[in-house]
Structure formats: structure tokens, C-alpha cells
Amino acid sequence: MKLKQKREREVKLRKNFFPTLLVIMVLWLTQGSVIYFVDPESFGAIPLFFLILLFALLFTTSTLFANTRRGLTITIAIILFLILRSFGVGNIINFLLIFGLAIVFEIFYQKK
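Reminder that position 27 of the sequence shown reads as 27 in full-length UniProt numbering, one-by-one numbering, no gaps.
So this is what it looks like as C-alpha cells:
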């Protein structure tokens, strides 16, 4: 009886990646359609682009790294750099500083 209860508990705790995969695919398809169909000069197009990209990258990186915090850290770093690029101030130094900060953040919280 104990073995059966242990197995049922294991099955409950197992991650089901299929719904996450569906959400990731829908988000990336939505991002592609925003890029293709929405005029960049229209009102709210750029914030919509970054918002959908944020969620698409968050779900993708969190699934790839199997860690939500690490996925969020990488996603915020990428989005921040892309926002700086859209303002015209994103260069290699900003890229290195942002990703250096993300690495330091990750190391700091990994030690805790």
C-alpha cells in the first residue's frame, strides 16, 4: 500500500510540460503576428511588442532552464537591452553591463 501511495504522490508532483509548450507556441505565434501585421507607428504597438516578448521569453527560458528565477533574470536582461536598443543607446558596453549584472544577481541568489 505504501508503494502505491508513493507512486501516486510522484505522479502528482511531476511537471506536465504539454500545457506550457502550448502557451509558449501561442505566445511566439502571437509575437510573430504582431511583428508581421501591426504597424510600428500605431498607438501602443511597441509596448505590446515588448509585453508579448516578455511573456514569450519568460515561459521559454523558464522551461529551458527548469528554473523560474533564472528564466526571469535572463528575460529581464534581454528585454532591458532591447528597450535600450529601441531608444538608440544599446551598445556592447550596455549589453555586457546588463548581462554582468544578471550573472551577479544569479550567483548571489544561488548562494542563499
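Quick reminder that beta carbons are idealized off the backbone N, C-alpha and C, glycines included.
Could you check where the alpha helix (DSSP H) with residue i kicks off and where it finishes?
i           : result
residue 106 : 92-111
residue 77  : 68-87
Give every residue of the same chain whose Cβ lies closer than 8 angstroms to the Cβ of residue i, excluding the five residues on either side of it in the sequence, and list them in chain order.
i           : result
residue 35  : 49
residue 31  : 49, 52, 53, 56
residue 38  : 45, 48, 49
residue 20  : 59, 63
residue 102 : 73, 74, 76, 77
Thinking residue i and residue j are a contact (beta carbons under 8 angstroms), I'd like their distance in whole angstroms, please.
i          : j          : result
residue 95 : residue 81 : 6 angstroms
residue 90 : residue 97 : Going by Cβ atoms, the distance from residue 90 to residue 97 rounds to 11 angstroms, so no, they are not a contact pair.
Can you give me the Cβ contacts of residue i inside the same chain, cut-off strictly under 7 angstroms, excluding the 5 residues immediately before and after it?
i           : result
residue 106 : 70, 73
residue 29  : none
For residue i, I'd like the list of residues in its chain whose CB is within less than 6 angstroms of its CB, leaving aside the five on either flank, ordered along the chain.
i           : result
residue 99  : 77
residue 24  : 59, 60
residue 109 : none
In chain order, which alpha helix (DSSP H) runs of at least 4 residues are fully inside the region 2-50?
As far as the region 2-50 is concerned, its whole alpha helix (DSSP H) runs of at least 4 residues are 2-13, 17-37.
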